[in-house]
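Counting from 4, one number per residue, gives the positions in the sequence shown under the working numbering. Ideal Cβ placement from N, Cα and C applies to all residues, glycine included.
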Amino acid sequence: MSRVGKQPVAIPSGVTVTVGADEVAVKGGKGELKAKTSSEVTIEVKDGKVWVRPASKSTRARTMWGTLRNQINNMVEGVSKGFTVRMEIQGVGFRAGADKNFLSIALGFSHEIKYAIPAGIEIKCEKPTSIAISGFDKKLVGQVAAEIRALRKPEPYKGKGVRYENEYVRQKEGKKK
4 MSRVGKQPVA
14 IPSGVTVTVG
24 ADEVAVKGGK
34 GELKAKTSSE
44 VTIEVKDGKV
54 WVRPASKSTR
64 ARTMWGTLRN
74 QINNMVEGVS
84 KGFTVRMEIQ
94 GVGFRAGADK
104 NFLSIALGFS
114 HEIKYAIPAG
124 IEIKCEKPTS
134 IAISGFDKKL
144 VGQVAAEIRA
154 LRKPEPYKGK
164 GVRYENEYVR
174 QKEGKKK
């Protein structure tokens, strides 16, 4: 039994959930998201809640049960509140600046990196060493954050690089004389 799948997804005011033949559409104040559904699960909207149930007792149906419930929950939360991932840059001379379409990052290379900001994502730089990535699609926000982190991952000797705000980088001991 899926403990996650048993719980319904509450629909806040201002959010509409539409269940089609093979997709679920969620529309809210921040935007609209769609997700493909599986034939192994049944989805119904009742009394301001979304219920996801397995159609059979197969292993695949039980795995899709909790997965789809969480996807719908993330979609509902995204179009109502939105998601934000905060990152920090550590290193001498490392800095970032954002305009409307590009994020310019200096990470110790011979050139400045220009990262094109995808549609539906908003990037703000409160300080030159901190980046806030926000949007209503959790998957896209996480993907953009991972791509920015991959430009210069934190290295284990001095900790220089781009990291998530609460990420712990284990420091290694340097060479001994």
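Query, Result
"How big is the Cα-Cα spacing for P121 and G162?", "28 Å"
"Name the two residues that bound the continuous alpha helix (DSSP H) containing G81.", "T62 to S83"
"Is the CB-CB distance between V53 and V95 below 7 Å?", "no"
"With Q93 as the anchor, note down where its beta strand (DSSP E) starts and where it stops.", "F86 to Q93"
"For P57, write down the residues that DSSP places opposite it in a beta bridge.", "V44"
"Quick check: the Cα distance between V228 and K180, rounded to an integer number of angstroms?", "Since the displayed the chain opens at 4 and closes at 180, residue 228 lies outside it and no answer follows."
"Look up S16 in the DSSP assignment and give the residues it is bridged to.", "S16 pairs with nothing; no bridge assigned."
"Going by C-alpha to C-alpha distance, which of R89, W68, E158 and E150 sits closest to E129?", "R89"
"G34 to N77, Cα distance in whole Å?", "13 Å"
"The beta strand (DSSP E) spanning A38 covers which residue range?", "E35 to K39"
"Can you tell me the Cα-Cα spacing of I116 and S137, whole angstroms?", "20 Å"
"Are the segment 139-155 and the segment 60-71 in contact at 8 Å, needing three or more beta carbon pairs?", "no"
"Which first and last residues belong to the beta strand (DSSP E) in which G182 is found?", "The requested residue 182 is not part of the displayed model; the chain covers only 4 to 180."
"I'd like to know if the segment 101-119 and the segment 67-85 are in contact, where contact means that at least 3 CB-CB pairs between them fall below 8 Å.", "no"
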